[in-house]
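Numbering (this note's numbering), first residue to last: 2 to 288.
Cβ coordinates follow ideal geometry from the N, Cα and C atoms, glycine included.
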Ligand SMILES: [Zn+2]
């Protein structure tokens, strides 16, 4: 840094001093031998450090002029000389500084590299751990998805009659034939049409049941009862497990009925009936 300041001072002084400044000569000790431009080097070679006199410098310059150098004396020229010297010194110090910086940089780089390597190793370890953890999570999710899918499949319902072979004749809640509002959904279909289990469950009751005629009750895993009524025939027995779509009987006109049809009831928890139409919709079946 000191050299840089000196160089600036030198330059500014050079612009106002017509002759080669003494201080400039003083600087030549270090810079002159490394100077590369012949013309400038000649001028600098004019004196020993701290002792050079103007005449000596001028004499040397004159010799160089004779040798074809482009050096001239004066304010205009001293400035470039000074600048050159300062530059050389500055360059020298810059080189030293640069070397030092380079050393530091190399050492910094090595340190940085070591840190980076360590960080990479840690990151790799962390990434590996994350991968393992992620794989486990994905595996878990897959299993849970499978179990959810199984659960859904288990809860999937199907229509109790073959689609297109029936028409809905009485809705839940309607008033008409019944002492109170209609407690189920009526599917009118030809006598003997197959009736299918709507959902997976267990047959918990079969037989004649008064107004319901021949009735089959299938109880689902969640306790919901599905009642199939007015059947002309019952094809399953109590304790039998059924799956959706499995035939459990045929459409009839038994009990209080004015024509062959399936009266379906849905009773959650074996309690009061709910609208079978909504229950079917909820389970993905549009009756
Ligand atoms: Zn009915």
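- Those residues that bring their Cβ nearer than 5 Å to a heavy atom of ligand 1 are 185, 187, 264.
- Between the C-alpha atoms of residue 244 and residue 163 there is a straight-line separation of about 15 Å.
- For residue 203, the secondary structure class from DSSP, reduced to helix, strand or coil, is strand.
- Note that the segment 118 to 135 does not touch the segment 251 to 263; fewer than 3 beta-carbon pairs, one per stretch, sit closer than 8 Å.
- The shortest CA-to-CA distance from residue 287 to any of 200, 158, 212, 177 is the one to 158.
- In this structure, the straight-line span from the alpha carbon of residue 160 to that of residue 203 is close to 17 Å.
- Residue pairing for residue 267: DSSP places it in a beta bridge opposite 227, 275.
- When DSSP states are grouped into helix, strand and coil, residue 209 belongs to the strand group.
- A direct Cα-to-Cα measurement between residue 201 and residue 137 gives close to 32 Å.
- In the structure shown, residue 157 adopts coil according to DSSP, grouped into three states.
- Secondary structure note for residue 254: it is in no beta strand (DSSP E), with a DSSP letter that is neither H nor E.
- Judged by beta-carbon spacing, residue 197 lies within the 8 Å limit of residue 249, meaning their Cβ atoms are closer than that value.
- In the structure shown, residue 175 falls within a coil segment according to DSSP collapsed to helix, strand and coil.
- DSSP links residue 186 through a beta bridge to 265.
- Between residue 251 and residue 193, the gap from beta carbon to beta carbon is short of 8 Å.
- In terms of Cβ geometry, residue 282 and residue 229 do not form a close pair [threshold 8 Å].
- The residue from 150, 261, 219 with its alpha-carbon nearest to that of residue 171 is 261.
- At the C-beta level, residue 220 and residue 232 stay beyond 8 Å of one another.
- Assigned with DSSP and collapsed to three states, residue 105 falls in helix.
- The beta carbon of residue 275 sits closer than 8 Å to those of 173, 267, 268, 269, all from its chain and outside the five residues before and after it, given in chain order.
- Around residue 226, the same chain offers 218, 220, 268, 271 as residues with beta carbons nearer than 6 Å, after the five sequence neighbours per side are excluded.
- DSSP places residue 219 in the uninterrupted beta strand (DSSP E) bounded by 215 to 221.
- A direct Cα-Cα distance of roughly 8 Å separates residue 241 from residue 205.
- Burial of residue 237 is indicated by the presence of at least 16 other C-beta atoms within 10 angstroms of its C-beta.
- Remark: C-beta atoms of residue 263 and residue 188 approach each other more closely than 8 Å.
- Rounded to the nearest angstrom, the Cβ distance from residue 165 to residue 277 is 19 Å, too far for a contact under 8 Å.
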